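Participant:
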Amino acid sequence: MRKSLSIIVIILFGIFLSLIAIDLTFGVPDNTGMDDYFIQNGQEQIATNNIVTTVVFDYRGFDTLGESTVLFTAVIGVALMYRKLIKGDADENE
Amino acid sequence: MIETIIHVLVIAGLVVSAILVFYFRDLLAAALASGLFSFLISLEFYILQAPDVAVSQAGIGAGLTTAIFILAIRSTKRYEEDV
Amino acid sequence: MRMSKIVRFSADMLFGAILIFGFYIIMHGHLTPGGGFQGGAVVATGAALVIVAYSYEEVLGMIKKAGLMLQESAGLVMFAGVALIAIGLGTTFFFNFLANSGSLFGMSVPYGPNSGELNTAGVLPLMNIAVGIEVWGGLAIVILYMLSGISKAEEV
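Residue numbers (my numbering), protein chains in the order written: chain R, -7 to 86; chain E, 8 to 90; chain F, 3 to 158.
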């Protein structure tokens, strides 16, 4: 009973995702104003050939700063947790 | 034509490696099959013309995640037990 | 506990190649696909290979924890510092003050598809290097702390 129910749920979810995927079109977005601006002016303003890097580090640089901060905070959290767990390691490199 | 064949092969490999992860009782082999899954997904990203995502998927998914799994298996048991 | 001689030899052989490939991705972040985050992740993969293959005491002889921590902090400080220099020059935060200036990384590129030049893109290579250093140190030290958890716990 439980097994057949889970199989039905999986099949229904697969049909749901396939219906979404059939409707999608790749490479033809609806609103292209921002993309066209980046592609037209990126090489002239920032002097970069890689448009993706131009967007990530220059036009949306503040976003990347937040991303780096998230990574930094996560690593600090892991380091703190392991220092608390392992006795004798805390005064090793202080 | 040749692109379609490669595409179908990669997707078939994805399904096979995902089933292998479920099938293996040896956890180290399961971790390596999960690494193979990540590598094939990175190949799929490259075929779909997203090389940025492909590089980060190959580095983090296939490299670092497998390393963390192997470290976890080294400190616990290698074989799964029947409950 | 460390892995077999075959694993250790393969790790030694592959480490240099992975390191060079990661540095290539970081340095050519403004020309080819990739960038600071991807290149840093690739370099950290090389470090993780060595960390997985050797025991904790041997790894501590090769890699210093304080060095990796310093590397991570220096990367974030350098990234924010390059963005803050633009304020000091009287422009906005994150302004690309080196692009098309003719000095360091200051060549301009023509419009359209071309092969590109390494000496372009202004502050973007500096930011790529900063993010690459930060991601390298951060991801490597996470793996190193997990290995330190094994050595102190009981080995089964």
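Where a beta carbon is used, it is the ideal one built from N, C-alpha and C, also for glycine. Please read these numbers as outputs of a predicted model, since none were measured by experiment.
List the residues that DSSP assigns as beta-bridge partners of residue 86 of chain E.
Facilitator: If you number the second sequence from 1, residue 86 of chain E lands on position 79. Answer by DSSP bridge pairing, in chain order: E:33.
Participant: Span of the alpha helix (DSSP H) holding residue 28 of chain F?
Facilitator: Residue mapping note: residue 28 of chain F aligns to position 26 of the third sequence, counting from 1. Residue 28 of chain F -> alpha helix (DSSP H) spans 7 to 29.
Participant: Does the segment 106 to 121 of chain F come close enough to the segment 18 to 27 of chain F that 3 or more CB-CB pairs lie under 8 Å?
Facilitator: No, they do not touch.
Participant: Roughly how many angstroms separate the alpha carbons of residue 8 of chain E and residue 16 of chain R, rounded to a whole number?
Facilitator: Here residue 8 of chain E is taken as the residue at index 1 of the second sequence, counted from 1. Here residue 16 of chain R is taken as the residue at index 24 of the first sequence, counted from 1. Distance between the alpha carbons of residue 8 of chain E and residue 16 of chain R is about 22 Å.
Participant: Short of 6 Å in beta carbon distance, which residues of its chain neighbour residue 11 of chain E, apart from the five on each side in sequence? Order them along the chain.
Facilitator: On the second sequence, position 4 is the one that residue 11 of chain E refers to. So no residue of the chain qualifies.
Participant: Suppose contacts are defined by Cβ-Cβ distances below 9 Å. Is residue 38 of chain F in contact with residue 42 of chain R by that definition?
Facilitator: Taking the third sequence and counting its residues from 1, one reaches residue 38 of chain F at position 36. Taking the first sequence and counting its residues from 1, one reaches residue 42 of chain R at position 50. No, the Cβ-Cβ distance between residue 38 of chain F and residue 42 of chain R is not below 9 Å.
Participant: Which value, in whole angstroms, describes the spacing of the CA atoms of residue 43 of chain F and residue 73 of chain F?
Facilitator: Within the third sequence, residue 43 of chain F is the residue found at index 41, counting from 1. Within the third sequence, residue 73 of chain F is the residue found at index 71, counting from 1. Rounded to whole angstroms, residue 43 of chain F to residue 73 of chain F spans 14 Å at the Cα level.
Participant: State yes or no: is the beta carbon of residue 109 of chain F nearer than 9 Å to at least one beta carbon in chain R?
Facilitator: The sequence position of residue 109 of chain F within the third sequence is 107, counting from 1. Yes, because at least one Cβ of chain R sits closer than 9 Å to the Cβ of residue 109 of chain F.
Participant: Compute every distance between the C-beta of residue 56 of chain E and the non-hydrogen atoms of the ligand COA, then say whether any falls below 8 Å.
Facilitator: With respect to small molecules bound, the structure shown includes none, and the ligand COA cannot be examined in it.
Participant: Which residue or residues does DSSP assign as beta-bridge partners of residue 122 of chain F?
Facilitator: On the third sequence, position 120 is the one that residue 122 of chain F refers to. Residue 122 of chain F is bridged to F:109.
Participant: For residue 148 of chain F, decide whether its Cβ has a neighbour in chain E, counting only Cβ atoms nearer than 9 Å.
Facilitator: The sequence position of residue 148 of chain F within the third sequence is 146, counting from 1. Cβ-Cβ to chain E under 9 Å: yes for residue 148 of chain F.
Participant: Measure from the C-beta of residue 138 of chain F to each C-beta in chain R and report whether the shortest distance is under 9 Å.
Facilitator: Working through the third sequence from its first residue, we reach residue 138 of chain F at position 136. No, residue 138 of chain F does not count as interfacial toward chain R.
Participant: Please report the straight-line C-alpha distance between residue 81 of chain F and residue 20 of chain R, rounded to a whole angstrom.
Facilitator: As a first step, residue 81 of chain F is located in the third sequence; it is residue number 79 there, counting from the start. As a first step, residue 20 of chain R is located in the first sequence; it is residue number 28 there, counting from the start. Cα to Cα, residue 81 of chain F sits roughly 35 Å from residue 20 of chain R.
Participant: So, does the segment 30 to 47 of chain E touch the segment 59 to 69 of chain E, judging by three or more C-beta pairs under 8 Å?
Facilitator: Touching, yes.
Participant: Assign residue 85 of chain R to one of three DSSP states: helix, strand, or coil.
Facilitator: In the first sequence, the residue the question calls residue 85 of chain R occupies position 93. Note on residue 85 of chain R: pLDDT 49, under 50, position unreliable in the model; the coordinate value appears next. Three-state DSSP puts residue 85 of chain R in coil, outside helix and strand.
Participant: Kindly indicate which three-state DSSP category residue 14 of chain E falls into: helix, strand or coil?
Facilitator: For the purposes of this step, residue 14 of chain E is taken as residue 7 along the second sequence, with counting starting at 1. Helix.
Participant: How many whole angstroms separate the CB atoms of residue 101 of chain F and residue 38 of chain R, which I take to be in contact at a CB cut-off of 8 Å?
Facilitator: As a position in the third sequence, residue 101 of chain F is number 99, starting the count at 1. As a position in the first sequence, residue 38 of chain R is number 46, starting the count at 1. That belief holds up - the Cβ atoms of residue 101 of chain F and residue 38 of chain R are roughly 5 Å apart, short of 8 Å.
Participant: Give me the chain E residues within the contact set of residue 36 of chain F, using Cβ-Cβ distance strictly less than 9 Å, ordered along the chain.
Facilitator: Translated into positions along the third sequence, residue 36 of chain F becomes position 34. Those are 58, 59, 62 and 63, listed as they occur along chain E.
Participant: Shorter than 9 Å from the beta carbon of residue 49 of chain E to some beta carbon of chain F?
Facilitator: The count along the second sequence starts at 1 and reaches residue 49 of chain E at position 42. It does not: the Cβ of residue 49 of chain E has no partner Cβ on chain F nearer than 9 Å.
Participant: Which residue from F:15, F:134 and F:78 puts its Cα closest to that of residue 58 of chain R?
Facilitator: As a first step, residue 58 of chain R is located in the first sequence; it is residue number 66 there, counting from the start. Checked all of F:15, F:134 and F:78; the closest Cα to residue 58 of chain R is F:78.
Participant: Can you have a look at residue 61 of chain R and say buried or exposed, based on whether 16 or more other CB atoms are within 10 angstroms of its CB?
Facilitator: Within the first sequence, residue 61 of chain R is the residue found at index 69, counting from 1. Exposed, since its Cβ has fewer than 16 Cβ neighbours within 10 Å.
Participant: Distance check for residue 113 of chain F and residue 36 of chain R, CA to CA, integer angstroms please.
Facilitator: Walking along the first sequence from the start, residue 36 of chain R turns up at place 44. Walking along the third sequence from the start, residue 113 of chain F turns up at place 111. Using only the alpha carbons, I get a separation of about 7 Å.
Participant: In chain R, which residues lie with their C-beta within 8 Å of the C-beta of residue 29 of chain F?
Facilitator: As a first step, residue 29 of chain F is located in the third sequence; it is residue number 27 there, counting from the start. Here the premise fails: no neighbours, minimum Cβ distance about 12 Å.
Participant: Can you tell me whether DSSP reads residue 73 of chain F as helix, strand or coil?
Facilitator: In the third sequence, residue 73 of chain F corresponds to position 71, counting from 1. In this structure, residue 73 of chain F counts as helix in the three-state DSSP scheme.
Participant: Output the boundary residues of the alpha helix (DSSP H) element that contains residue 46 of chain R.
Facilitator: Position 54 of the first sequence, counting from 1, holds the residue named residue 46 of chain R. Taken as a continuous stretch (DSSP letters only), the alpha helix (DSSP H) holding residue 46 of chain R covers 43 to 46.
Participant: Report buried or exposed for residue 59 of chain E, applying the criterion of at least 16 other Cβ atoms within 10 angstroms of its Cβ.
Facilitator: Start at 1 with the first residue of the second sequence, and residue 59 of chain E comes out as number 52. Answer is buried; the Cβ neighbour count reaches 16.
Participant: Could you list which residues in chain E have their beta carbon closer than 7 Å to that of residue 46 of chain F, in chain order?
Facilitator: The residue you call residue 46 of chain F lines up with position 44 of the third sequence. Neighbours of residue 46 of chain F on chain E, chain order: 71.
Participant: Applying a beta-carbon distance threshold of less than 7 Å, which residues of chain F neighbour residue 53 of chain R?
Facilitator: Stepping through the first sequence from its first residue, residue 53 of chain R is reached at position 61. Per Cβ cutoff of 7 Å: 85 and 96.
Participant: Can you tell me whether residue 72 of chain R is buried or exposed, with buried defined as 16 or more other CB within 10 angstroms of its CB?
Facilitator: Residue mapping note: residue 72 of chain R aligns to position 80 of the first sequence, counting from 1. So residue 72 of chain R counts as exposed.
Participant: Go to residue 17 of chain R, then tell me how far its alpha helix (DSSP H) extends in each direction, as first and last residue.
Facilitator: Translated into positions along the first sequence, residue 17 of chain R becomes position 25. Here residue 17 of chain R belongs to no alpha helix (DSSP H), and DSSP marks it neither H nor E.
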